[in-house]
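As C-alpha cells, the structure follows; a few thoughts come after it.
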Amino acid sequence: MLIYPQIDPVAFALGPLKVHWYGLTYLAAFGLFMLLGRLHIRRRPDLNWTPPQVDDLLFYGVLGVIVGGRLGEILFYQPAYYFSHPLEMFAVWKGGMSFHGGFLGVLVAMWLYGRRHGKGFWAVTDFIAPLVPTGLAAGRIGNFINGELWGRVAPADLPWAMIFPHVDDLPRHPSQIYQMAGEGLLLFLLLWWYSRIPRPLRATSAMFLIGYGVLRFSAEFFRTPDPGIFSWITPYLTTAQWLCVPMIGIGIALLVQANRNAAD
C-alpha cells in the first residue's frame, strides 16, 4: 500500500524567507496561462488577441484568484474559524483557497478587464476558458504536497490507495491526484480541442462550466468532505457539490442559448 511521502511544504529558504511549494505551483499556473495564451493566439488569430493583452489578463486574473479564492474559503467553508482567528485570513501560504470563490473573483476581474479594454465579457471568458485547467492541475499538486484535502477511506485492495500518516492509518483515495487528472488535465484536453475552431459566443465558457461542474461533482465522492455552509442540507452532497449544481445548470443554459443564437 502506498504511503504519503510527507513532503516538506517549504521548497527552499533564502535566509528568513521561506518559499513554499504551494506558492510555486501558483507561479507554474500563471506561467502556463501565459504560454497557452500565446499558443491560443497563434492558432486562433481570428479572436484578435495579442500577447500584451494576455499579460494584462493574467494580472487581473491573479487578483481575482487570490482575493476571490481566499474569500470563498472563508465564507463558504470555514467562516467560524476565520472570524475567530482573523489574522489567519491572510496566511495564504498555508493553503486554503476555494475554487468557487476564486472562480467568482476571476469573473469579476474579467468583467473589469473587458470594461477597461473594450472587450465583451463573453469574448473574454471564451478566450480564457481553455487556459485555466492546467492552473487547476498545478493547484491540486500543491494540495498533494501540502498533504491536505485527502480522500475518503478506500478499499484496502485498491492498488493506488494511500495512507496519510498525519491523518490516520486507513487507506484513502489520493483525491488530489484524481482532481488533478480530471478537472485539470482532462478538462484542459476537452476545452483545448473544443476551442480549436470558431464556436458560438458563450459556447466555450459554457463547456467550461459544464465540464468543471461535472468533474468536480464526481470527484467529491472520493474526497473527504470539507465542512461548509451547505453541509447541513443533506449528508449525501458536499458544499462543493451544491456549488457545482448551478455551474452545470448555467452552463447548459448558456450552451443552448449560444447554439440557438448561432442558428438564427
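Each residue of the sequence shown is one higher than the one before, starting from 2 at the first, in the numbering used here. Where is the CB? At the ideal position from N, CA and C, for every residue including glycine.
Quick check on DSSP: helix, strand or coil for residue i?
i	result
P172	strand
H167	coil
H118	helix
L187	helix
V133	coil
F231	coil
L48	helix
I4	strand
R224	strand
L18	strand
A162	coil
M98	coil
Under 8 angstroms, Cβ to Cβ, is there at least one residue of chain D near residue i?
i	result
H86	Of the chains in the structure shown, none is chain D; there is only one protein chain.
Please name the residue, chosen from the options, that lies closest to residue i on a Cα-to-Cα basis.
i	options	result
D169	Y195, P46, W151, R261	W151
W22	Y195, R224, I234, R141	R141
H55	Y78, L3, L255, H118	Residue identity differs from the one stated: residue 55 is Val in this sequence, not His. Here the closest residue by C-alpha is H118.
G250	P87, F218, Q7, P172	F218
A182	P87, G106, A220	A220
I8	Y83, P199, S85, G143	G143
Y114	P131, G65, S85	G65
A110	P172, F100, V125, S99	V125
V257	V133, Q242, S206	S206
L190	F145, A241, A138	A138
Would you say residue i and residue j are within 8 angstroms of each other, going by their C-beta atoms?
i	j	result
F128	L48	yes
L58	T135	no
A259	F209	no
T239	S232	yes
L192	G214	no
M2	P172	yes
G70	M98	yes
First and last residue of the beta strand (DSSP E) that includes residue i?
i	result
V154	Note, V154: premise wrong, no beta strand (DSSP E); not H, not E.
In terms of residues, what are the limits of the alpha helix (DSSP H) holding residue i?
i	result
L33	22–44
A12	From DSSP, A12 is part of no alpha helix (DSSP H) but of the beta strand (DSSP E) over 11–15.
I251	240–264
A220	204–220
P80	80–85
Contact defined as beta carbons within less than 8 angstroms: I believe residue i pairs with residue j. What is the distance between those atoms, to the nearest angstrom?
i	j	result
Y61	G229	Not really, about 27 angstroms apart at Cβ, beyond 8 angstroms.
P52	I42	7 angstroms
A102	L72	Checking the sequence shown, residue 102 turns out to be Gly, not Ala. At roughly 5 angstroms, the Cβ-Cβ gap stays under 8 angstroms, so G102 and L72 are in contact.
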